[in-house]
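Undergrad: Okay, so the sequence shown: first residue is 269 according to the working numbering, each after it adds one. Got a structure for you, written out below as structure tokens; questions coming shortly.
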Amino acid sequence: MTEREVYIAGWNKPSDWYRFRVRLLKEPNQGLWQQAFDDYFIKRLNLRYFNPIRILQENGTFAGEGFSIMAILCTLVEFLESTVRGLKYRFVKNKKDLAQFEYNISSEIFVDFLSKRKPFSEHFDGDLAFEFYKNVRCGLLHEAHTKAGWTIWAKSPDGIIVERESKIVYRDNFRDAFEVYISDYGKKLLTEKELQDSFIRKFDFICEET
269 MTEREVYIAG WNKPSDWYRF RVRLLKEPNQ GLWQQAFDDY FIKRLNLRYF NPIRILQENG
329 TFAGEGFSIM AILCTLVEFL ESTVRGLKYR FVKNKKDLAQ FEYNISSEIF VDFLSKRKPF
389 SEHFDGDLAF EFYKNVRCGL LHEAHTKAGW TIWAKSPDGI IVERESKIVY RDNFRDAFEV
449 YISDYGKKLL TEKELQDSFI RKFDFICEET
């Protein structure tokens, strides 16, 4: 019996990626990298994450859908940072057991993304990012609620993502920041070799683990 392939981005399967990967390595050019960004990165994010978020936003009642939206967005943070670095998560207790390009501590990846990647870094420093990780990300994903007084509001009129003192995160502004980040990442991916190597490595990992 032939093993069934899973989909990794829209209708694309690992076998599609491996064929496309050969072209990226043999004849890299901006057109091919734009195609990689569109057909694998953006398609994966839109169909699995941003389109469902849009449905929640357009059909919401402001009675609790913000929790689902924020939970979805929080799962993306680690993926985006690990894609930039070309890393994969491995569940081991001791870092000594990790191979090259593996990590086992999600908090470090999460905090680095919010505190070092624009536009998030304009709103988060390391301390605030870690507090957000503990009380919003971990609260939502492990216990289905925020902790330590944190609340989720729909939108800030002045574009603020997060308010440190009042412990408010604005879900729509947080979502919009992802669009800014991803647009900038897509432009850099066309020409920056280090990002390209990391991209290939990340999608290789995805295909290996499906």
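We put the CB at the ideal spot given by N, CA and C, even for glycine.
1. Could you tell me which of I340, G407 and N297 sits nearest to K456, measuring between CA atoms?
2. Can you give me the Cβ contacts of T414 inside the same chain, cut-off strictly under 7 Å, excluding the 5 residues immediately before and after it?
3. Applying the 10 Å Cβ sphere with the 16-neighbour rule, what's the burial state of I321?
4. What's the C-alpha gap between D452 and V437?
5. In chain order, what residues of the same chain lie with their CB nearer than 7 Å to the CB of G427, ignoring the 5 residues before and after it?
6. Within a Cβ cutoff of 6 Å, which residues of the same chain sit near F392, ignoring the five residues on either side of it in sequence?
7. Would you kindly work out how many angstroms separate the C-alpha atoms of W480 and E411, rounded to a whole number?
8. Would you kindly work out how many angstroms separate the C-alpha atoms of A445 and C342, rounded to a whole number?
9. With the cut-off set at 8 Å, would you say Y449 and K386 are in Cβ contact?
10. Is it buried or exposed for G334, if we count other Cβ within 10 angstroms and need 16 for buried?
11. Leaving out five residues on either side along the sequence, give the residues of the same chain with a beta carbon under 8 Å from the beta carbon of K470.
12. Given a threshold of 16 other Cβ atoms within 10 Å of its Cβ, counted over all protein chains shown, does I373 qualify as buried or as exposed?
13. Going by the DSSP bridge assignment, what does I420 pair with across the sheet?
14. Near Q303, which residues of its chain fall below 6 Å by C-beta distance, leaving aside the five closest residues on each side in sequence?
15. Would you mind sorting A277 into buried or exposed? The rule is 16 or more other CB atoms within 10 Å of its CB.
TA: This is what the structure holds:
1. Nearest option by C-alpha distance: N297.
2. These residues qualify, in order along the chain: N403, V404, G407, L408 and I420.
3. buried
4. 23 Å
5. N441
6. Excluding positions up to five away in sequence, the list reads L382 and S383.
7. Only positions 269 to 478 of the chain appear in the structure, and residue 480 is not among them; the question remains open.
8. 13 Å
9. Yes, they are a contact pair.
10. Answer is buried; the Cβ neighbour count reaches 16.
11. S350, T351, G354, L355 and K356
12. Exposed.
13. I420 has V437 as its beta-bridge partners, per DSSP.
14. none
15. buried
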